[in-house]
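Chains A and B, in that order, are what the protein sequence lines are. According to the numbering used here, the stretch in the first sequence is residues 1 to 256, in order. According to the numbering used here, the stretch in the second sequence is residues 1 to 256, in order. Each residue gets a CB set at the ideal place from its N, CA and C atoms; glycine is no exception.
Number of protein chains: 2
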Amino acid sequence: MKDKIRILVVNDDGYFAKGIHALAEALSGIGKVTVVAPDSQKSAVSHLLTITDSIRVREVPFSDGIKAYAVSGSPADCGKIAVASLMKANPPDLVASGINLGNNAGLNAIYSGTVAAAAEAAMAGLQAFAISLDAFSNPDFGPAADFSVKFAKYLLRNPLPKGIVANINVPALPAEKIKGFKISEQSMLRYNEWYASRNDIYGRSHYWLEGQYAAVNDGNADSDIFALAAGYISITPLHFDLTSRKGIEILKRITL
Amino acid sequence: MKDKIRILVVNDDGYFAKGIHALAEALSGIGKVTVVAPDSQKSAVSHLLTITDSIRVREVPFSDGIKAYAVSGSPADCGKIAVASLMKANPPDLVASGINLGNNAGLNAIYSGTVAAAAEAAMAGLQAFAISLDAFSNPDFGPAADFSVKFAKYLLRNPLPKGIVANINVPALPAEKIKGFKISEQSMLRYNEWYASRNDIYGRSHYWLEGQYAAVNDGNADSDIFALAAGYISITPLHFDLTSRKGIEILKRITL
């Protein structure tokens, strides 16, 4: 299996991040891994695409036996250029994005570069998942890396319908404290956030987005945020058909 | 009505773009318009949020009677800071984004800053629409501007459920050639695109995303791209719950 399976690993924290090393090294136990990742930190850039500028790609040192490319663009650029160009001759069987430092549950999924990089692969018809750890400091990527291997083996045997990304969020707990996994919905809970306004030393104001970004229980027992807060790994299947069927029903009655 | 209705106008092409002037001026006929827009061109940046840097906001000259702010961040930053900070004391009754130069039908909706700016308002519980013109050169924003007024009046009388953005795409036709409007689904048609690889004068390679981005008939009579190609204005209600219900059904059977 190992020689035949090709796995593309992407992320948004950059090719040098500990999380992508943990993911790529874990997955190299079940296949041949190629890393294509941003050359700098690119969090919260969502599906940003570089369309009016060039993209540079260079091979960079990584762990033993893993070929890695650093890309001057966004996470979505990485997913797109890997599939459309760098691995065109030998497309990956599976695409894994992460392990992100910080959860991508709830509305974070919309802004996440980690999810967007996997989404590019999914929209190209490939099997893809994103995996994120609900921690900002002292991360232990071990449990998430172990779970990524289990889930990768599952996806390879049981492909999802085209266009779906499995968005996995792992609580920041030691393996023995994690209660299992739950198939979850994306929470629509909004964060408590605000813009702080301050002056620089020249007296000119600037704004800074601040908020409380902990995954708190949102009261929806089916949500990803609820699962995380309760000590479960959440797995949320995402797609990118944004059409609101409820909206269609309502607007069908419009007269202008 | 005009003195009471507050309308926020945002975009992704920048506060100086002809499309936002056309939209703001048209809507100022039915309410008091405030413009909050990027200080530079920000196409295809999707829901990019500025979270690790400051944001500058400055008042800029605009058309008579319209207060306008230029923001150093992304379209989503504009939507977010307008609602959460600049207009916090007097929230808008309606948020309009555009008029974008280039359609935001189909998968473009995912990458669009125009849609993302409106989405920030919708996720904050406000009525919001995005409007885009299916043209790249010699744009006549007139028909789209006229339609935005009609649709704004409709939304003010008939608010959509919270969290929905009406994504409007207008064909590049004279008003008399536009056949009407259709309530549409987001097309999932992928573009024919590729990365061109070239060398600079130092012999170093770079990539450039190229493709054919015309709105072609995708064969789905219910899609936004089909409607546009057939000469109709498409109105597609979008939401930002990305959960795939089909994916949930499948993954519920998972064993790891």
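- Close to V45 (chain A), with beta-carbon spacing below 7 Å, are these residues of chain B in chain order: L48.
- The region 166 to 176 of chain B makes contact with the region 125 to 134 of chain B: 3 or more CB pairs, one atom from each, lie closer than 8 Å.
- In the structure shown, I248 (chain B) adopts helical secondary structure according to DSSP, grouped into three states.
- DSSP places R198 (chain B) inside the beta strand (DSSP E), whose first and last residues are 192 to 199.
- Straight-line spacing of the CA atoms in A82 (chain B) and A118 (chain B) works out to 11 Å.
- The beta carbons of N217 (chain A) and A229 (chain A) sit about 4 Å from each other, so the pair counts as a contact at 8 Å.
- Of all residues in the region 69 to 86 of chain B, only I81, A84, S85 come within less than 7 Å of chain A when Cβ atoms are compared, listed by chain position.
- Counted as a single uninterrupted DSSP element, the beta strand (DSSP E) harbouring K32 (chain B) occupies residues 32 to 38.
- According to the DSSP secondary-structure assignment, Q212 (chain B) is paired through a beta bridge with B:N192.
- The beta carbon of K80 (chain A) lies closer than 6 Å to those of E120 in the same chain, with the five residues before and after it left out.
- Remark: three or more beta-carbon pairs, one from each stretch, lie closer than 8 Å, so the region 11 to 23 of chain B and the region 36 to 47 of chain B are flagged as touching.
- C-alpha of D200 (chain B) to C-alpha of S72 (chain A): approximately 15 Å in a straight line.
- DSSP, reduced to helix, strand and coil, places K182 (chain A) within a strand of the structure shown.
- According to the DSSP secondary-structure assignment, K4 (chain A) is paired through a beta bridge with no residue.
- Measuring C-alpha to C-alpha distances from G98 (chain B) to each of B:G247, B:G211, B:A109 identifies B:A109 as the nearest.
- For the region 103 to 118 of chain B, the residues whose beta carbon sits under 8 Å from a beta carbon of chain A are, in order, L107, A109, I110, Y111, A116.
- I183, E185, Q186, M188, R190, W194: these are the residues of the region 183 to 194 of chain A whose beta carbon lies less than 7 Å from some beta carbon of chain B, given in chain order.
- When C-alpha distances from G31 (chain A) are compared across A:Q41, A:I7, A:I20, A:F16, the shortest belongs to A:I7.
- Residue nearest to A144 (chain B) within the set B:F16, B:A26, B:A17, B:K4 is B:A26 (criterion: CA-CA distance).
- In summary, Y202 (chain B) is exposed, with fewer than 16 beta-carbon neighbours lying within 10 Å of its beta-carbon over all protein chains present.
- Beta-carbon to beta-carbon, G163 (chain A) and M188 (chain B) are separated by about 7 Å, close enough to satisfy the 8 Å threshold.
- Contact annotation: in the region 235 to 248 of chain A, residues whose CB is within less than 7 Å of a CB in chain B are I235, T236, P237, L238, H239, F240, D241, L242, T243, S244, K246, G247, I248.
- Against chain A, the beta carbon of S54 (chain B) has neighbours under 7 Å at H206, Y207, W208, listed in chain order.
- Between L27 (chain B) and chain A, the shortest Cβ-Cβ separation is not below 7 Å.
- In this model, T236 (chain B) and F226 (chain B) are separated by some 12 Å (Cα to Cα).
- Per the Cβ contact rule, the region 88 to 98 of chain B is not in contact with the region 46 to 66 of chain B (fewer than 3 Cβ pairs under 8 Å).
- When only Cα atoms are considered, H21 (chain A) and L242 (chain B) end up about 28 Å apart.
- Under a criterion of Cβ atoms nearer than 8 Å, the residues of chain B adjacent to F151 (chain A) are, in order, L256.
- Closer than 7 Å to the CB of Y15 (chain A) there is not a single CB belonging to chain B.
- For a cut-off of 8 Å, the C-beta gap from L101 (chain B) to G19 (chain B) is around 6 Å, short enough to register as a contact.
- Under DSSP, T255 (chain A) forms no beta bridge with any residue.
- The C-beta of I168 (chain B) comes no closer than 7 Å to any C-beta of chain A.
- Collapsing the DSSP output to three states places L49 (chain A) in coil.
- Any Cβ of chain B closer than 7 Å to the Cβ of L173 (chain A) would place that residue at the interface, and such an atom is absent.
- At a cut-off of 7 Å between beta-carbon atoms, K177 (chain B) makes no contact with chain A.
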